[in-house]
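S.K.: Mind looking over this structure? Questions follow.
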Amino acid sequence: MSDRPAALLPEPAHAAPEPPIPGQINPAAAALANLTRIGDEMFAWSDPVTACGGALRYLLHTLVPAPGARVLVAGPHHDELITALHAAGAAVTCLVRSLGDAEALALRFPGTTVLCGAASRLDPITRYDLVVCLDGLERLNSAEGTPRTDDDLLATLAKAVAPDGTLVLRHENPLGVHAAVELDPGARERSDSAWYPPGSAADRPASLAELTARLAIFGLHSTAGYAAFPTPENPAVLIGPGLLGEAGVPLRGPVQAVLARAFTDAYRDRPVLSDPRRIAGRALRAGAEAVLAPAWVTVSRASGEVPSHALLAGDADGPHAYTLTTADWGATATTLIPADESVRRGGLRRVNGAFPVPAGVVLEERLLALCARADLPGLRTELRRLAAWLDGHARDGWVTGPMALADAGELLDDGAQLGLAPPRWSPDEPVPVDTVLTRIAWRFAARLITSGQPHPWPITSSAVDLAGLLLGMIDRTLRADSLRAAIELELDLSGLPLPERDGRRRELLAIAPGAATIDVPGYRELAEALWRQRYQASHLLAQMEWTEQIIRSRDLHLSKMDWEIQLYRRTWPGRFLMVARSGYKLVRNDTRKLSKKISKRRAAARRAKRDLAFPQPGDVI
Numbered sequence: 010m011s012d013r014p015a016a017l018l019p020e021p022a023h024a025a026p027e028p029p030i031p032g033q034i035n036p037a038a039a040a041l042a043n044l045t046r047i048g049d050e051m052f053a054w055s056d057p058v059t060a061c062g063g064a065l066r067y068l069l070h071t072l073v074p075a076p077g078a079r080v081l082v083a084g085p086h087h088d089e090l091i092t093a094l095h096a097a098g099a100a101v102t103c104l105v106r107s108l109g110d111a112e113a114l115a116l117r118f119p120g121t122t123v124l125c126g127a128a129s130r131l132d133p134i135t136r137y138d139l140v141v142c143l144d145g146l147e148r149l150n151s152a153e154g155t156p157r158t159d160d161d162l163l164a165t166l167a168k169a170v171a172p173d174g175t176l177v178l179r180h181e182n183p184l185g186v187h188a189a190v191e192l193d194p195g196a197r198e199r200s201d202s203a204w205y206p207p208g209s210a211a212d213r214p215a216s217l218a219e220l221t222a223r224l225a226i227f228g229l230h231s232t233a234g235y236a237a238f239p240t241p242e243n244p245a246v247l248i249g250p251g252l253l254g255e256a257g258v259p260l261r262g263p264v265q266a267v268l269a270r271a272f273t274d275a276y277r278d279r280p281v282l283s284d285p286r287r288i289a290g291r292a293l294r295a296g297a298e299a300v301l302a303p304a305w306v307t308v309s310r311a312s313g314e315v316p317s318h319a320l321l322a323g324d325a326d327g328p329h330a331y332t333l334t335t336a337d338w339g340a341t342a343t344t345l346i347p348a349d350e351s352v353r354r355g356g357l358r359r360v361n362g363a364f365p366v367p368a369g370v371v372l373e374e375r376l377l378a379l380c381a382r383a384d385l386p387g388l389r390t391e392l393r394r395l396a397a398w399l400d401g402h403a404r405d406g407w408v409t410g411p412m413a414l415a416d417a418g419e420l421l422d423d424g425a426q427l428g429l430a431p432p433r434w435s436p437d438e439p440v441p442v443d444t445v446l447t448r449i450a451w452r453f454a455a456r457l458i459t460s461g462q463p464h465p466w467p468i469t470s471s472a473v474d475l476a477g478l479l480l481g482m483i484d485r486t487l488r489a490d491s492l493r494a495a496i497e498l499e500l501d502l503s504g505l506p507l508p509e510r511d512g513r514r515r516e517l518l519a520i521a522p523g524a525a526t527i528d529v530p531g532y533r534e535l536a537e538a539l540w541r542q543r544y545q546a547s548h549l550l551a552q553m554e555w556t557e558q559i560i561r562s563r564d565l566h567l568s569k570m571d572w573e574i575q576l577y578r579r580t581w582p583g584r585f586l587m588v589a590r591s592g593y594k595l596v597r598n599d600t601r602k603l604s605k606k607i608s609k610r611r612a613a614a615r616r617a618k619r620d621l622a623f624p625q626p627g628d629v630i
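Below, the structure is given as structure tokens:
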């Protein structure tokens, strides 16, 4: 087995004939010696492929057998995966159901055996050392043949595995987070590539335990299961044994930050029903990752030990991959496949290497809890602690490295110190510490305003004003130049092209109550923010109505008093009544004073009489 991570990196593409148009039959297909039609081919059809992320590449790298071993890639997969298998010295066989896709694949990879047809038509005698099915079971069926159930397809793949071979399978979870937040009506019906045989959902494995049990029925007893996030098509985070379902492990905080970053990249500017980061965070705290994971990835063998990893994470569309391992201070993020440092986003570059990660809670969760309780002294203490941490890592007022892109959602707090989640980007030039702190305050203020979270400042004009208020709590000032620089860093991280940056910059500066979240616009969060805005508006209207009633009542009483005063001043009976009223008040007041004096004298006499009747100790008799 090759142990070179570089084998998983895409090789330079060799010159190849122009591939045919997908969905059309190539007249020269009969001349392709590496293409075999096995039956039930789909003709006017094309299946799009998805990217193969760094986590899956490294997982396959650990499973690639010795050079010359036979590998079956079942279903449409990305060219980079096939290139990586060839670089490892494997004899690759690809199975696709679309004839047009098979012809194009055979032209691009002359050294690959391409089979076109349904998986049920596979030769039951041929065995493979490694069977890769990372596209799922759905597109192994064909509309030109009899649709097979998931059990039939699992049995077919299991029969294709050699006695000492391995099956790597990705299976979509029908109860995953992606299905709960999807907001794209008719997406499946609009896309021909999303065709599924009718009635196939009834017998689908509905949990990771059920999928493992079915694989065991077909002879694959040794299985390592992973919960794949954030989407079934592009899994970038794999949570495996040792961490899966264990709610008390110390790596929960770092994994939550990693998952939030993965969901942000996958759903950026994509409307959803609810923010998937909140749902995934709750599932992680409850140890229910396997229940709500968008997909499961299983590694199965008939016998022997199956290698597993507690956590594999990386880019969804690139080679970068890393893992988290427990250490004395928390965890260590170790790079498994380095990122391409030539990839840039504005003034940012990719980073590699090992980084210490504290095993604590996400700082943003702690700040949100303090805001929900309206604990202003506690919030001020945490913000001052954050500012002191930044000042301690700055040199002459400048912050360098990944720390310049710190965010409350990616900072971890173990109770003693703060630390970064595994970083991915780093600015080329140092960033002023005021800009870093301004960006943290602005992002947190935008999160408070747009996510419907309770906080002590429900009536706030904009996120910029709230950021200035947060900075003012720790005796810092929100300067216009620091805010502009912080927004530019945010635009660089988003990776937007230059023509779209101006509009995005205006949107970020204009975030106010009732707006959608800045990264993932969730309908639930937007509805919550709008409800809270309507509630505050109705509360203000009720206060205005009450104030108007009070003013009207006071005005009525003042008018009545003014009429009485004018009556007393202008007429003789009024003047007489006024004098009599004044005399009555004077007599009443004098009578009250005299009554109080008499009462006091009587009380003093009673006390003196009581003291004579009952002498106190020490009195001389």
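If you read the sequence shown in my numbering, its first letter stands for residue 10, the second for the next number, and so on.
Just so you know, even glycine gets a beta-carbon here, dropped at the ideal spot from N, CA and C.
Would residue 302 and residue 268 qualify as a contact pair, given that the criterion is a beta-carbon distance under 8 Å?
M.R.: Taking 8 Å as the Cβ cut-off, residue 302 and residue 268 do not qualify as a contacting pair.
S.K.: Consult DSSP for residue 346 and reduce its assignment to one of helix, strand or coil.
M.R.: Of the three classes helix, strand and coil, the one that applies to residue 346 here is strand, per DSSP.
S.K.: Taking the alpha carbon of residue 335 as the reference point, which residue from 364, 328, 350 has its own alpha carbon closest?
M.R.: Considering only alpha carbons, the answer is 364.
S.K.: In three-state DSSP terms, what is residue 124?
M.R.: Strand at residue 124.
S.K.: Mapping the DSSP letters down to three states, classify residue 248 as helix, strand or coil.
M.R.: Strand.
S.K.: Please name the residue, chosen from 351, 188, 490, 604, that lies closest to residue 440 on a Cα-to-Cα basis.
M.R.: Closest option to residue 440, Cα to Cα, is 490.
S.K.: State the Cα-Cα distance for the pair residue 538 and residue 521, rounded to the nearest angstrom.
M.R.: When rounded, the distance between both Cα atoms is 10 Å.
S.K.: Would a C-beta distance cut-off of 8 Å place residue 236 and residue 64 closer than the cut-off?
M.R.: Not closer than 8 Å, so no.
S.K.: Decide if residue 527 is buried, meaning its Cβ has at least 16 other Cβ atoms within 10 Å, or exposed.
M.R.: By the 10 Å Cβ count, residue 527 comes out buried.
S.K.: From the DSSP output, read off the bridge partner residues of residue 365.
M.R.: For residue 365, which the question treats as bridged, DSSP gives the partners 341.
S.K.: Based on the DSSP secondary-structure assignment, which residues constitute the bridge partners of residue 234?
M.R.: In DSSP, residue 234 forms a bridge with 307.
S.K.: Alpha carbon to alpha carbon, how far is residue 438 from residue 360? Give it in angstroms, no decimals.
M.R.: If you take the alpha carbons of residue 360 and residue 438, they lie about 14 Å apart.
S.K.: Roughly how many angstroms separate the alpha carbons of residue 234 and residue 249, rounded to a whole number?
M.R.: Each residue's alpha carbon lies about 6 Å from the other.
S.K.: Are there 16 or more other CB atoms within 10 angstroms of the CB of residue 575, so buried, or fewer, so exposed?
M.R.: Exposed, by the Cβ-count rule.
S.K.: Does residue 405 pass the burial test, meaning 16 or more other C-beta atoms within 10 Å, or should it be called exposed?
M.R.: It is exposed - the Cβ of residue 405 has fewer than 16 other Cβ atoms within 10 Å.
S.K.: Look up residue 322 in the DSSP assignment and give the residues it is bridged to.
M.R.: Paired residues: 246, 331.
S.K.: Expressed to the nearest angstrom, what Euclidean distance is found between the alpha-carbon atoms of residue 569 and residue 547?
M.R.: For residue 569 and residue 547, the distance between alpha carbons rounds to 33 Å.
S.K.: Would you call the region 84-96 and the region 160-171 touching, i.e. three or more CB-CB distances under 8 Å?
M.R.: Segments in contact, no.
S.K.: Please determine if the region 215-224 and the region 305-312 are in contact, where contact requires at least 3 C-beta pairs separated by less than 8 Å.
M.R.: They touch, by the three-pair rule.
S.K.: Give me, in chain order, the residues of the same chain whose beta-carbon lies closer than 6 Å to that of residue 256; leave out the 5 immediate sequence neighbours on both sides.
M.R.: The answer, listed in chain order, is 296.
S.K.: Determine the closest residue to residue 280 out of 370, 189, 299, with distance taken between C-alpha atoms.
M.R.: Selected option, being the one with the closest Cα: 189.
S.K.: Answer with buried or exposed for residue 580, where buried requires no fewer than 16 other C-beta atoms within 10 angstroms of its C-beta.
M.R.: It counts as exposed.
S.K.: For residue 254, collect the residues of the same chain with a Cβ closer than 8 Å to its Cβ; drop the 5 residues on either side in sequence, then sort them by chain order.
M.R.: Excluding sequence neighbours, residue 254 sits near 296, 297, 298, 299.
S.K.: Can you have a look at residue 265 and say buried or exposed, based on whether 16 or more other CB atoms are within 10 angstroms of its CB?
M.R.: Classification for residue 265: buried.
S.K.: Return helix, strand or coil for residue 100, following the three-state DSSP convention.
M.R.: Residue 100: strand per DSSP, three-state reduction.
S.K.: Using a 10 Å radius around the Cβ and a threshold of 16 neighbouring Cβ atoms, would you call residue 33 buried or exposed?
M.R.: Because the pLDDT of residue 33 is 47, which lies under 50, any placement of that residue in the model is unreliable, and the question is left without a value.
S.K.: Tell me which same chain residues have a C-beta within less than 6 Å of the C-beta of residue 107, skipping the five on either side of it?
M.R.: Excluding sequence neighbours, residue 107 sits near 51, 54, 55, 56.
S.K.: Quick check: what's the CA-CA separation for residue 39 versus residue 85?
M.R.: Note on residue 39: pLDDT 48, under 50, position unreliable in the model; the coordinate value appears next. Each residue's alpha carbon lies about 21 Å from the other.
S.K.: Please state whether the Cβ-Cβ distance between residue 519 and residue 448 is less than 8 Å.
M.R.: Not a contact, by the Cβ cut-off of 8 Å.
S.K.: Report buried or exposed for residue 585, applying the criterion of at least 16 other Cβ atoms within 10 angstroms of its Cβ.
M.R.: Residue 585 is exposed by the Cβ-count criterion.
S.K.: Going by DSSP in three states, residue 54 sits in which element: helix, strand or coil?
M.R.: If DSSP states are grouped into helix, strand and coil, residue 54 belongs with coil.
S.K.: Specify, as a first and last residue, the run of the beta strand (DSSP E) that residue 8 falls within.
M.R.: Here the chain comprises residues numbered 10 to 630, so residue 8 is not present and cannot be evaluated.
S.K.: Kindly confirm or deny that the region 421-435 and the region 459-474 touch, where touching means at least three C-beta pairs closer than 8 Å.
M.R.: The region 421-435 vs the region 459-474: no contact.
S.K.: Based on DSSP bridge pairs, tell me the residues matched to residue 45.
M.R.: DSSP, once it has assigned bridges, lists 124 as partnering residue 45.
S.K.: On the CB-based measure, 16 or more other CB atoms within 10 Å of its CB, does residue 226 come out buried or exposed?
M.R.: So residue 226 counts as exposed.
S.K.: To the nearest angstrom, report how far apart residue 616 and residue 595 are at their CA atoms.
M.R.: Spanning the two alpha carbons is a distance of roughly 32 Å.
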